[in-house]
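In the numbering used here, the protein residues as written are 2 to 374.
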């Protein structure tokens, strides 16, 4: 893979990721601006994640039929336009619509990257490139989270809209075509899902995403309600999850090439469990800072290990697996946000204990889900 191609893909991922984590941090500010409760404004999270997850299922198969570059040019332009709509939204319903559209069109990005890496990079180097790519997305997420603490919330959508249109031009000029020759025009998910290895690994991805996002996406509300923190402090704490994630994705990708995919994922999930249960204690700020760093490191170790494992799948399954990865992660994440919102509305302790216990169950059963990696 040419360096210029990889740089463009990293820029694309950065634009996609700029406001994903920041939106969760902005829930208190958006709720205050539109005069609604936290848990109403919190719909901006799952109204992005659910359409993202469903739409992602179609992009891998579409890459079997059409040039992936053409698909991505259309989708990324519309994604940037949806960000602009969000920035200018006069009502909460318009903002919800913009987030819905961002999910549909933004879902094309990660499947394309995994497809390109899987088809053009040797197996021994894939983990490293996957880790670097996701590190770039965490740099952008970090920038978005930091900005959310010092800028009006509308700017968090305007910035990726403007930069997105610039990156779109770079894609148009220099991103190479990616055509995968297939004789069938069908969407062969049923064929792929007959493979027991794929079923097991995506079951694991579903549950780890459900438990992770069930905690992550409500952290801002937890900090606001339990610690009475302002927007700046909330954003800075959640920023730390992306700060550690920058290193976690790169190190996790490297470790997955050395230790193995499953062992790296297990280390990550263990760190997440520790953080989730310690968050139940009303700790001083310095401890919360440490917990956010460990939480972000844990998620990215797990993410890098499992993403690298997907690139090791047979080439005839790679496109569908790449789409399933994004689809399952975001559908599960949306389910986690809705489910945990119900739990945490009743009791934050109930939510953290339930989701932390779910992560512990995954750690002790991972060998049944993530095999031969």
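Beta carbons: idealized from backbone N, C-alpha and C, even for Gly.
Keeping to the same chain, check which residues put their C-beta closer than 6 Å to that of residue 73; ignore five residues upstream and five downstream. 109, 113
Between which two residues does the alpha helix (DSSP H) harbouring residue 125 extend? 124-149
Entirely within the region 27-112 and at least 4 residues each: give me those alpha helix (DSSP H) ranges in chain order. You should have 28-35, 39-42, 44-66, 69-88, 93-107.
For a quick check, are the C-beta atoms of residue 269 and residue 299 less than 8 Å apart? yes
Would you kindly check if the distance between the Cβ of residue 333 and the Cβ of residue 256 is under 8 Å? no
Per-residue burial, residue 123 [other beta carbons within 10 Å of its own, 16 or more giving buried]: exposed
Suppose only complete runs of 4+ residues qualify. What are the alpha helix (DSSP H) ranges in the region 238-321, listed by chain order? 262-279, 286-312
Counting Cβ pairs, one atom from each stretch, are 3 or more of them under 8 Å apart for the region 85-95 and the region 154-166? yes
Which of the three DSSP states, helix, strand or coil, is assigned to residue 207? helix
Nearest-angstrom Cα separation, counted from residue 97 out to residue 44: Computed Cα separation, rounded: 8 Å.
Proximity to residue 104 [Cα-Cα], best of 314, 164, 77, 254: Measuring from the Cα of residue 104, the nearest candidate turns out to be 77.
Indicate the three-state DSSP secondary structure (helix, strand or coil) for residue 431 in the structure shown. Because the chain here runs from 2 to 374, residue 431 falls outside it and cannot be looked at.
Under a Cβ-count criterion, where at least 16 other Cβ atoms within 10 Å of its own Cβ denotes burial, should residue 169 be classed as buried or exposed? buried
With 16 other Cβ atoms within 10 Å as the buried cut-off, status of residue 236: Around the Cβ of residue 236, a 10 Å sphere holds 16 or more other Cβ atoms; the residue is buried.
Is it the case that the Cβ atoms of residue 254 and residue 305 are separated by a distance below 8 Å? yes
What's the gap between the Cα of residue 146 and the Cα of residue 24? 8 Å
Leaving out five residues on either side along the sequence, give the residues of the same chain with a beta carbon under 7 Å from the beta carbon of residue 344. Within the same chain, residue 344 has close Cβ partners 351, 352, 355.
Could you have a look at residue 232 and say whether DSSP puts it in helix, strand or coil? helix
Go ahead and label residue 282 buried or exposed: buried means 16 or more other beta carbons lie within 10 angstroms of its beta carbon, across all protein chains shown. exposed
Closest by C-alpha distance to residue 214, when choosing among 21, 4, 116, 318: 21
Excluding the 5 residues flanking residue 1 on each side, which residues of the same chain have their C-beta closer than 6 Å to its C-beta? The structure shown does not extend to residue 1, since the chain spans only 2 to 374, so no value can be given for it.
Roughly how many whole angstroms lie between the Cα atoms of residue 277 and residue 296? Computed Cα separation, rounded: 8 Å.
Among the residues of its own chain, which have a CB less than 7 Å from the CB of residue 346, if the five just before and after it don't count? Once the five neighbours on either side are set aside, the close Cβ partners of residue 346 are 40.
Give me, in chain order, the residues of the same chain whose beta-carbon lies closer than 6 Å to that of residue 47; leave out the 5 immediate sequence neighbours on both sides. Once the five neighbours on either side are set aside, the close Cβ partners of residue 47 are 335, 338, 339.
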